[in-house]
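Structure first, then comments.
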Amino acid sequence: MEINRVIKAVFSPTGGTQKAADVIASVWNKEIIDIDLTAADTDFSQYSLGRDELLIAAVPSFGGRVPPTALERIIRIKGCGTPTVLVVTYGNREYEDTVIELGDALAAEGCIAIGAVTAVAEHSIVRNIAKGRPDEEDTAILKEFAEKIKDKVLNTEEIRMISLPGNRPYKPLGNMNVKPYADKKCDNCGVCAKKCPVGAIPTDEPYKTDDDKCISCMRCVKVCHNNARKINPVVLAVLNGKLKKVCGVRKDADLMI
Numbered sequence: 021m022e023i024n025r026v027i028k029a030v031f032s033p034t035g036g037t038q039k040a041a042d043v044i045a046s047v048w049n050k051e052i053i054d055i056d057l058t059a060a061d062t063d064f065s066q067y068s069l070g071r072d073e074l075l076i077a078a079v080p081s082f083g084g085r086v087p088p089t090a091l092e093r094i095i096r097i098k099g100c101g102t103p104t105v106l107v108v109t110y111g112n113r114e115y116e117d118t119v120i121e122l123g124d125a126l127a128a129e130g131c132i133a134i135g136a137v138t139a140v141a142e143h144s145i146v147r148n149i150a151k152g153r154p155d156e157e158d159t160a161i162l163k164e165f166a167e168k169i170k171d172k173v174l175n176t177e178e179i180r181m182i183s184l185p186g187n188r189p190y191k192p193l194g195n196m197n198v199k200p201y202a203d204k205k206c207d208n209c210g211v212c213a214k215k216c217p218v219g220a221i222p223t224d225e226p227y228k229t230d231d232d233k234c235i236s237c238m239r240c241v242k243v244c245h246n247n248a249r250k251i252n253p254v255v256l257a258v259l260n261g262k263l264k265k266v267c268g269v270r271k272d273a274d275l276m277i
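In this note's numbering, the protein residues as written are 21 to 277.
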């Protein structure tokens, strides 16, 4: 199969998923189109892909599922028998039904998963969990996987969706109640408001947060240059205690091909 262009659609509020997707795309000496799924003002329905294009669809796992915002946006991209590589990152706990949910959703839009990679990324809320990942070791493994996927794509004539891990029906969506707030160090620069994927921070009052809109993605915490965006320390301590029990052993990337 000949690939003329690579489309990289990524939902990466804190950067870990972007790193993994970039590695998977790096082996292709082709034109690469980047689609930022965190950009709320983008018309994602403008993208219509064919069989000679490769879609790299990358999302983090939020509680073992695809973040609803990411799912709502990525399914606006239409395929037509388009070969697709799924990239799912998770904070060293479990990715559960994220891969199969992403694959099912894209299949309904004409994009066929011919390969998938899961990779550990620094936990978006409890940052000391999987800190700094994907690291050099992860990158080497992902690069090796990317070459295997490329070889499969180039040597495949008939596209078939691979078997994906997970369960149908998917596990229930969890309730993400970790809502960042701004402390007195906030200088009203407005960067967090501009970067929020769902417009949960008013541009004229960036020290506020609309908890009903907030998806707990931690983008605002990541981009704040003053370290003014915080998480309730009691909530953070409880989460840290829970995650330490299940995230103590390093997990490596998995390839499905």
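Here a beta-carbon is modelled for each residue, glycine too, at the ideal position from N, C-alpha and C. Everything numeric in this text was worked out from a predicted model, so none of it was measured.
Length of the line joining the Cα atoms of residue i and residue j
{"i": "K39", "j": "V26", "result": "16 Å"}
{"i": "L122", "j": "P80", "result": "11 Å"}
{"i": "N208", "j": "E129", "result": "41 Å"}
{"i": "I235", "j": "N195", "result": "10 Å"}
{"i": "I263", "j": "C100", "result": "Per the sequence presented here, residue 263 reads as Leu, with Ile not at that position. So the alpha carbons of these two residues sit roughly 41 Å apart."}
{"i": "S32", "j": "A90", "result": "9 Å"}
{"i": "L57", "j": "T109", "result": "15 Å"}
{"i": "D272", "j": "D224", "result": "43 Å"}
{"i": "C240", "j": "A59", "result": "14 Å"}
{"i": "D72", "j": "N247", "result": "44 Å"}
{"i": "M238", "j": "C267", "result": "20 Å"}
{"i": "K205", "j": "L256", "result": "20 Å"}
{"i": "P200", "j": "N175", "result": "47 Å"}
{"i": "G64", "j": "V119", "result": "Position check: residue 64 holds Phe in this sequence, whereas Gly was assumed. Looking at the two C-alpha atoms, the distance is approximately 21 Å."}
{"i": "Y190", "j": "I145", "result": "23 Å"}
{"i": "K172", "j": "W48", "result": "13 Å"}
{"i": "L184", "j": "G84", "result": "14 Å"}
{"i": "D155", "j": "L162", "result": "10 Å"}
{"i": "I69", "j": "A202", "result": "Checking the sequence, you will find Leu at residue 69 rather than Ile. About 41 Å."}
{"i": "A141", "j": "K242", "result": "14 Å"}
{"i": "A127", "j": "K50", "result": "24 Å"}
{"i": "G135", "j": "K168", "result": "9 Å"}
{"i": "L193", "j": "V86", "result": "9 Å"}
Same chain only: Cβ atoms within 6 Å of residue i, ignoring 5 sequence neighbours per side
{"i": "A187", "result": "Strictly speaking, residue 187 in this sequence is Asn, with Ala absent from that position. Excluding sequence neighbours, N187 sits near D117."}
{"i": "I95", "result": "A125 and E129"}
{"i": "D274", "result": "T138"}
{"i": "L74", "result": "I23, V26 and P103"}
{"i": "H143", "result": "G111, I149 and A150"}
Residue i in three-state terms, based on DSSP
{"i": "L184", "result": "coil"}
{"i": "P103", "result": "strand"}
{"i": "D54", "result": "strand"}
{"i": "P226", "result": "coil"}
{"i": "L275", "result": "strand"}
{"i": "E156", "result": "helix"}
{"i": "E177", "result": "coil"}
{"i": "R93", "result": "helix"}
{"i": "G268", "result": "coil"}
{"i": "P192", "result": "coil"}
{"i": "I23", "result": "coil"}
Other residues of its chain near residue i: CB distance less than 8 Å, five sequence neighbours each side excluded
{"i": "I221", "result": "C212, A213, K228, T229, D230 and C240"}
Close-in-space but distant-in-sequence residues of the same chain around residue i (CB under 7 Å, 5 per side omitted)
{"i": "I277", "result": "G135, K168, I169, K172 and I182"}
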